[in-house]
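J.: In this note's numbering, the protein residues as written are 27 to 335.
#1: Does the count of Cβ pairs from the region 214-221 and the region 185-202 closer than 8 Å reach three?
#2: Take the Cβ of residue 262 as the centre, count every other Cβ of all protein chains shown within 10 Å, and call the residue buried at 16 or more, exposed below.
#3: Could you tell me which of 155, 308, 96 sits nearest to residue 142, measuring between CA atoms?
#4: So, does the region 118-125 touch the region 134-152, judging by three or more C-beta pairs under 8 Å?
#5: Report the start-end ranges of each beta strand (DSSP E) in the region 256-305 that is 3 residues or longer and not cut off at the edges.
#6: Find out if the Cβ-Cβ distance for the pair residue 80, residue 113 is shorter than 7 Å.
#7: For residue 149 and residue 299, I'd like the C-alpha separation in whole angstroms.
#8: Round the Cβ separation of residue 244 and residue 194 to the nearest angstrom and send it over; I've been treating them as touching at under 8 Å.
#9: Nearest by alpha-carbon distance to residue 266: which of 240, 317, 132 is it?
#10: With a threshold of 16 other CB atoms inside 10 Å of the CB of residue 152, please say whether the residue is buried or exposed.
#11: Suppose contacts are defined by Cβ-Cβ distances below 7 Å. Is residue 82 in contact with residue 63 by that definition?
#12: Going by C-alpha to C-alpha distance, which of 117, 280, 303 sits closest to residue 292?
#13: Between 182, 146, 242, which has its C-alpha nearest residue 207's C-alpha?
#14: With 16 other CB atoms within 10 Å as the buried threshold, where does residue 316 fall?
#15: Hey, quick one: how far does the alpha helix (DSSP H) through residue 119 stretch, first residue to last?
#16: Residues in its own chain within less than 8 Å of residue 232 by CB, not counting five upstream and five downstream?
#17: Would you mind working out which of 258, 221, 170 sits nearest residue 247, comparing C-alpha positions?
#18: Quick one: using the 10 Å Cβ neighbour count with 16 as the cut-off for buried, is residue 250 buried or exposed?
#19: Which residue from 69, 198, 59, 270 puts its Cα closest to that of residue 287?
#20: Quick one: grab the DSSP three-state call for residue 141.
#21: Determine, using beta carbons only, whether residue 98 and residue 289 come nearer to each other than 7 Å.
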């Protein structure tokens, strides 16, 4: 009850500005506001930039956003009810779990609101592209982007096999990615098995101590070295022992911004991991060939048998 009263007061404070509408005789265009990093980036690809009245603060952060350069000329909008209503959006794009008060306030004044859940697989991306494209009034752009995405995915993807190399996505403080997540699905399409879901590994609970990682020694270490700062949690990714155990081609860097959100750019992560996977497979084949060559020592190279005097 108190929440509803507060929300109504917020709406009434800015209602005059929010409902002012366009100037008579002026050309009408949808005013698009985005309150979530993932919808920010979809809006930047699908809406006219002149129609975007605001994106979240993370849109310009190049450690988080794959489209940070494109966001530099777009206003930043704080995700508060007062700020959003004062901006008078026609369309509000948001994540399902963020800026809930601002989203409710936008609905109160009749804005068209689209909330998207986090993408959990590559299959979610075309649907989310089209939802945003329809919301901002550019469905044809959405169809073109989906067609390009699906064509590239068909070129890159492979199906996961039991014999695929095992990869671990190792993040700050030892966190690993879990099953039914977008990074897990990216690994699968790149022809890699996820260490965190592989039979025989211990219960992980989202975090793997460095000692456990070294003991199990998966085939490929996937790191995100792009995080800011020099924290102890981030320093784990450059531990000298770990780097010695995972020397090239058994280590690859993939910026987290490529799979924090479901975007066409997520396929860059698939491509990077597919290349790394091929390097691991080639290295394993080379070691097998070297071992077989060692075992096939020609008789001429054997030491001569000593004769007794």
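The beta carbon of each residue, even a glycine, is placed where N, CA and C say it ideally should be.
Nothing here was measured: the structure is a model prediction, and the numbers come from that model.
T.: According to the data block:
#1: yes
#2: Translated into the one-based positions of the chain shown, residue 262 becomes position 236. It is buried - the Cβ of residue 262 has at least 16 other Cβ atoms within 10 Å.
#3: In the chain shown, counting from the first residue as 1, residue 142 sits at position 116. Among 155, 308, 96, the Cα nearest to that of residue 142 is on 155.
#4: yes
#5: 277-279
#6: Against the chain shown, residue 80 aligns to sequence position 54. Against the chain shown, residue 113 aligns to sequence position 87. Yes, they are a contact pair.
#7: As a position in the chain shown, residue 149 is number 123, starting the count at 1. As a position in the chain shown, residue 299 is number 273, starting the count at 1. Those two C-alpha atoms are separated by around 18 Å.
#8: Against the chain shown, residue 244 aligns to sequence position 218. Against the chain shown, residue 194 aligns to sequence position 168. Between residue 194 and residue 244 the Cβ distance is about 5 Å, and since that is below 8 Å, they are a contact.
#9: By one-based count along the chain shown, residue 266 stands at place 240. The shortest Cα separation from residue 266 among 240, 317, 132 belongs to 240.
#10: Within the chain shown, the letter at position 126 stands for residue 152. Its Cβ being crowded by 16 or more others within 10 Å, residue 152 is buried.
#11: Within the chain shown, residue 82 is the residue found at index 56, counting from 1. Within the chain shown, residue 63 is the residue found at index 37, counting from 1. Yes, they are a contact pair.
#12: To locate residue 292, count along the chain shown from 1; it is residue 266. For the residues 117, 280, 303, the minimum Cα distance to residue 292 belongs to 280.
#13: As a working mapping, residue 207 is identified with position 181 in the chain shown. Nearest option by C-alpha distance: 146.
#14: In the chain shown, residue 316 corresponds to position 290, counting from 1. Result: exposed.
#15: As a working mapping, residue 119 is identified with position 93 in the chain shown. Taken as a continuous stretch (DSSP letters only), residue 119 belongs to no alpha helix (DSSP H), being part of the beta strand (DSSP E) at 117-121.
#16: For the purposes of this step, residue 232 is identified with residue 206 of the chain shown, where counting begins at 1. Excluding positions up to five away in sequence, the list reads 201, 202, 204.
#17: Taking the first residue of the chain shown as position 1, residue 247 is located at position 221. Selected option, being the one with the closest Cα: 221.
#18: As a first step, residue 250 must be located in the chain shown, where it is residue number 224. Residue 250 is buried by the Cβ-count criterion.
#19: On the chain shown, residue 287 is found 261 positions in, with the first residue counted as 1. Comparing Cα-Cα distances from residue 287 to each of 69, 198, 59, 270, the minimum goes to 69.
#20: Position 115 of the chain shown holds residue 141. Three-state DSSP puts residue 141 in a strand.
#21: Position 72 of the chain shown, counting from 1, holds the residue named residue 98. Position 263 of the chain shown, counting from 1, holds the residue named residue 289. Going by C-beta atoms, residue 98 is not nearer than 7 Å to residue 289.
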